[in-house]
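Chemist:
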Amino acid sequence: MATIVVDFQKTHFHPQILLSIFTVICIFVFFFKKPKGSRGCDLPPSPPSLPIIGHLHLLLFDLPHKAFQKLSSKYGPLLCLRIFNVPIVLVSSASVAYEIFKTHDVNISSHGHPPIDECLFFGSSSFVLAPYGDYWKFMKKLMVTKLFGPQALEQSRGARADELERFHANLLSKEMKSETVEIAKEAIKLTNNSICKMIMGRGCLEENGEAERVRGLVTETFALFKKLFLTQVLRRLFEILRISPFKKETLDVSRKFDELLERIIVEHEEKTDYDHGMDLMDVLLAVYRDGKAEYKITRDHLKSLFVELILGGTDTSAQTIEWTMAKIIKKPNILERLRKEIDSVVGKTRLIQEKDLPNLPYLQAVIKEGLRLHPPAPLLGRKVTDGCTIGGCYVPKNTTLVVNAYAVMRDPDSWEDPDEFKPERFLASSRGKEEEREQELKYIPFGSGRRGCPGVNLGYIFVGTAIGMMVHCFDWRTNGDKVNMEETVAGITLNMAHPLRCTPVSRMQLQKSQFVSS
Ligand code: HEM
8 MATIVVDFQK THFHPQILLS IFTVICIFVF FFKKPKGSRG CDLPPSPPSL PIIGHLHLLL
68 FDLPHKAFQK LSSKYGPLLC LRIFNVPIVL VSSASVAYEI FKTHDVNISS HGHPPIDECL
128 FFGSSSFVLA PYGDYWKFMK KLMVTKLFGP QALEQSRGAR ADELERFHAN LLSKEMKSET
188 VEIAKEAIKL TNNSICKMIM GRGCLEENGE AERVRGLVTE TFALFKKLFL TQVLRRLFEI
248 LRISPFKKET LDVSRKFDEL LERIIVEHEE KTDYDHGMDL MDVLLAVYRD GKAEYKITRD
308 HLKSLFVELI LGGTDTSAQT IEWTMAKIIK KPNILERLRK EIDSVVGKTR LIQEKDLPNL
368 PYLQAVIKEG LRLHPPAPLL GRKVTDGCTI GGCYVPKNTT LVVNAYAVMR DPDSWEDPDE
428 FKPERFLASS RGKEEEREQE LKYIPFGSGR RGCPGVNLGY IFVGTAIGMM VHCFDWRTNG
488 DKVNMEETVA GITLNMAHPL RCTPVSRMQL QKSQFVSS
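Going by this note's numbering, the first residue of the sequence shown is number 8, and it counts up by one from there.
This is the structure:
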């Protein structure tokens with residue numbers, strides 16, 4: 008075989024060029040190499056990353072769920088990413104989401120680390136951050152049965168009906184003054200006041216304004232969340248440097264919540280009159296006092312749960328109301344169909360009630376479609392407790408798993424015209440049981456599996472009655488403004504970047520005596 012001798016003096020292969028090629032090959036091999044996992048499987052594929060920061064730079068110029076969605080459409084539905092030294096496995100397709108929630112539910116039923124330890128709602132008493140274990144199981148059972156089960160929701164129906172009436176009256180007064188309404192702001196008042204009344208009792212709002220104080224603290228907390236998100240990303244770095252950023256603000260909000268909650272608990276402990284029935288705090292205090300309870304909950308557990316229910320239920324429901332109203336206002340044919348359905352079931356002399364909702368399938372479909380396109384919590388974060396195989400790839404134990412619910416619910420392989428607002432897709436069809444289950448597993452605005460949202464029924468009630476009332480009782484004028492569907496992230500939810508503002512115009516005369524409030 009002839010030997011080829013390269014004379015560097017006569018060729019263009021300058022040594023520096025060769026060195027560059029060598030470097031590029033090394034980088035390629037180093038960064039593109041698929042590291043081997045355990046059990047002979049590869050780890051999920053990984054896009055090119057940078058030294059030290061890993062894939063962080065790919066997430067900086069877009070909202071996280073959008074940046075993740077772009078990455079997955081380029082590199083695949085199951086990816087291994089790295090933010091500094093924290094490995095993340097990203098799930099973006101309906102089929103992989105289906106696989107993990109069907110096959111690995113228990114294994115992914117814990118959340119990751121809290122961003123800061125001393126915080127009341129992130130500390131060891133938290134329900135949301137509790138690992139899948141005895142405390143979490145005990146509380147989840149309590150929620151599903153005694154706090155948000157059908158009977159409990161029935162008992163608290165009057166409190167929510169009062170708030171819906173108040174919401175309606177507020178819109179009427181805006182109409183009289185020809186004022187525009189910022190839908191999300193009014194919706195937040197509705198959901199916050201309703202949840203506070205359910206937890207603290209009906210007197211909390213009128214008599215001592217506690218619900219207003221809670222709302223103020225929630226606003227402070229969401230502002231703090233934005234800052235804490237950064238500490239989560241740089242967590243390891245802060246740990247090494249032994250810095251606890253925003254510690255003072257966190258402790259400050261926690262202290263204010265603590266004082267408020269201690270007062271509410273003491274008021275409930277001293278209560279002797281249960282004529283208006285038991286509120287959620289009464290139920291929780293009974294469990295707290297029960298010496299024979301399966302799990303001994305503490306005062307801090309009660310306080311932490313209270314905060315988490317308010318944080319978890321208020322803005323999620325209110326933002327869904329805003330997004331869905333925006334979609335309805337943009338589509339007059341949908342508005343008309345919805346109105347026709349509500350008029351035929353509710354009539355024109357009374358407000359919509361919770362008991363009407365099962366008879367309004369199109370309203371339910373509109374809300375489901377709103378949640379599919381605009382899930383208020385677009386990313387679900389979990390921890391893989393034990394190493395396992397997902398989509399044929401190995402995922403090591405303790406890996407952070409991020410399920411991009413936004414991408415899953417717009418996956419073109421599972422949803423026809425995925426970006427179109429088509430409520431009809433949720434109307435009853437001839438799907439078989441297995442198909443129904445599959446549909447459930449790829450429709451995840453409330454998460455899925457054991458760790459899915461315990462407030463799902465309550466969420467549907469808030470959104471259903473609010474949207475139903477707004478469409479039934481009012482026409483909505485946007486005053487020539489275009490409804491802008493651009494997104495932003497505020498607090499923990501996905502919000503409209505340009506809040507929906509419109510003027511209500513009453514379309515029926517309701518008689519006060521015909522309101523039904525319980
Ligand atoms: C439209 C309204 C709502 C939406 C879209 C929503 C969405 C979610 C999502 C996506 C999760 C995470 C689930 C997962 O990781 O799989 C969650 C968890 C949670 N939600 Fe909701 N939620 C809503 C309303 C509510 C309400 C009304 C409450 C209670 C008042 C509530 C309380 C909670 C709690 C306590 C958790 C934590 C569950 C756990 O860690 O086990 N949510 N919610």
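The beta carbon of each residue, even a glycine, is placed where N, CA and C say it ideally should be.
With a threshold of 8 Å, are at least 3 pairs of Cβ atoms found where one atom belongs to the region 58-67 and the other to the region 371-381?
Modeler: The answer is no - the region 371-381 does not touch the region 58-67, with fewer than three Cβ pairs under 8 Å.
Chemist: Quick check on this structure: which residue in Tyr467, Leu244, Gly388, Gly398 has the alpha carbon closest to the alpha carbon of Arg458?
Modeler: Looking at the Cα atoms, Gly388 is the closest of the given residues.
Chemist: Which value, in whole angstroms, describes the spacing of the CA atoms of Asp420 and Ala101?
Modeler: Between Asp420 and Ala101, the C-alpha separation is close to 8 Å.
Chemist: For Ser513, which residues from the same chain have a beta carbon less than 7 Å from its beta carbon, with the 5 sequence-adjacent residues on both sides left out?
Modeler: Contacts found: Leu179, Glu182, Cys480, Phe481.
Chemist: Would you list the one or two residues that DSSP bridges to Gly462?
Modeler: Gly462 is not bridged to any residue.
Chemist: Taking 7 Å as the cut-off, does the CB of Ser324 come closer than this to any heavy atom belonging to the ligand HEM?
Modeler: Yes - the ligand HEM has a heavy atom lying nearer than 7 Å to the Cβ of Ser324.
Chemist: Can you determine whether any heavy atom of the ligand HEM sits closer than 7 Å to the C-beta of Thr279, and answer yes or no?
Modeler: No - the ligand HEM has no heavy atom lying nearer than 7 Å to the Cβ of Thr279.
Chemist: Nearest-angstrom Cα distance between Asp307 and Phe264?
Modeler: Rounded to the nearest angstrom, the two C-alpha atoms are 11 Å apart.
Chemist: Could you work out which residue in Pro71, Ala159, Tyr142, Val415 is closest to Glu301 when comparing CA atoms only?
Modeler: Looking at the Cα atoms, Tyr142 is the closest of the given residues.
Chemist: Leaving out the 5 sequence neighbours to the left and right, which residues in its chain are closer than 7 Å to His175 when beta-carbon positions are compared?
Modeler: Hits under 7 Å: Leu358, Met476, Cys480.
Chemist: Using the beta-carbon count (16 or more within 10 Å), is Ser131 buried or exposed?
Modeler: The residue in question, Ser131, is exposed, as its Cβ has fewer than 16 Cβ neighbours within 10 Å.
Chemist: Go ahead and pull the three-state DSSP assignment for Gly284.
Modeler: Looking at Gly284 - three-state DSSP - the assignment turns out to be coil, as it is neither helix nor strand.
Chemist: So is His381 buried or exposed if we call it buried at 16+ other beta carbons inside 10 Å?
Modeler: Buried is the call here.
Chemist: Please state the DSSP three-state secondary structure of Arg167.
Modeler: Arg167 falls in the helix class under three-state DSSP.
Chemist: In terms of residue numbering, what span does the alpha helix (DSSP H) encompassing Trp330 cover?
Modeler: That run of the alpha helix (DSSP H) goes 306-337.
Chemist: Answer with buried or exposed for His283, where buried requires no fewer than 16 other C-beta atoms within 10 angstroms of its C-beta.
Modeler: Classification of His283: exposed, given that the 10 Å Cβ count is below 16.
Chemist: Residues in its own chain within less than 6 Å of Met205 by CB, not counting five upstream and five downstream?
Modeler: For Met205, where only same-chain residues beyond five positions count, the Cβ hits under 6 Å are Ser163, Ala166, Leu287.
Chemist: With a threshold of 8 Å, are at least 3 pairs of Cβ atoms found where one atom belongs to the region 490-509 and the other to the region 225-240?
Modeler: As far as the Cβ criterion goes, the region 490-509 touches the region 225-240, which means the pair count is three or higher.
Chemist: Under 8 Å by Cβ, that's how I've got Leu530 and Cys87 pegged, so tell me the actual separation to the nearest angstrom.
Modeler: There is no way to answer for residue 530, as the model of the chain reaches only from 8 to 525.
Chemist: For Glu277, name the three-state secondary structure that DSSP assigns.
Modeler: In this structure, Glu277 counts as coil in the three-state DSSP scheme.
Chemist: Got a sec: does the ligand HEM put a non-hydrogen atom nearer than 7 Å to the Cβ of Ile202?
Modeler: Yes, since a heavy atom of the ligand HEM falls inside the 7 Å radius drawn around the Cβ of Ile202.
Chemist: Do you know offhand how far Ile95's Cα is from Leu408's?
Modeler: Rounded to whole angstroms, Ile95 to Leu408 spans 6 Å at the Cα level.
Chemist: Of all the options Pro71, Ser99, Arg89, Phe91, which has the alpha carbon lying nearest to the alpha carbon of Lys81?
Modeler: Of the candidates Pro71, Ser99, Arg89, Phe91, the one whose C-alpha sits nearest the C-alpha of Lys81 is Ser99.
Chemist: Just checking Lys147 against the ligand HEM - is the residue's beta carbon closer than 7 Å to any of the ligand's heavy atoms?
Modeler: Yes; taking the cut-off as 7 Å, the Cβ of Lys147 has a heavy atom of the ligand HEM nearer than that.
Chemist: Looking at Val534: is its Cβ nearer than 8 Å to the Cβ of Pro452?
Modeler: Residue 534 lies beyond the range of the chain shown here (8 to 525); nothing can be said about it.
Chemist: Is the beta carbon of Phe232 less than 8 Å from the beta carbon of Leu268?
Modeler: No, Cβ-Cβ distance for Phe232 and Leu268 is not below 8 Å.
Chemist: With a threshold of 8 Å on Cβ separation, who are the neighbours of Cys48 within its own chain once the five nearest residues in sequence on each side are excluded?
Modeler: Counting only Cβ-Cβ distances below 8 Å, and skipping sequence neighbours, we find Thr396, Gly399, Cys400, Tyr401.
Chemist: Hey, would you say the C-beta of Phe453 is under 7 Å away from at least one heavy atom of the ligand HEM?
Modeler: Yes, the Cβ of Phe453 comes within 7 Å of a heavy atom of the ligand HEM.
Chemist: On a Cα-Cα basis, can you pick out the residue from Pro157, Ser117, Ala293 that is closest to Gly140?
Modeler: Comparing Cα positions, the closest option is Ser117.
Chemist: Identify whether Val135 lies in helix, strand or coil by the three-state DSSP scheme.
Modeler: Reduced to three states, the DSSP call for Val135 is coil.
Chemist: Let's see if you can read the secondary structure: which residues bound the alpha helix (DSSP H) around Phe108?
Modeler: Where Phe108 is concerned, the enclosing alpha helix (DSSP H) stretches over 101-110.
Chemist: Does Gly471 come out as helix, strand or coil in the three-state DSSP assignment?
Modeler: The answer is helix: DSSP assigns Gly471 an H, G or I state.
Chemist: In the region 184-251, which residue ranges form an unbroken alpha helix (DSSP H) of at least 4 residues, counting only runs that do not cross its ends?
Modeler: Complete alpha helix (DSSP H) runs here, min 4: 190-207, 210-213, 217-240, 242-247.
Chemist: Nearest by alpha-carbon distance to Lys254: which of Leu517, Thr238, Glu266 is it?
Modeler: The shortest C-alpha separation from Lys254 is found at Thr238.
Chemist: Rounded to the nearest angstrom, what separates Arg432 and Ser455 at their Cα positions?
Modeler: Each residue's alpha carbon lies about 20 Å from the other.
Chemist: Specify the secondary structure class of Leu387 as computed by DSSP and reduced to three states.
Modeler: Leu387 falls in the strand class under three-state DSSP.
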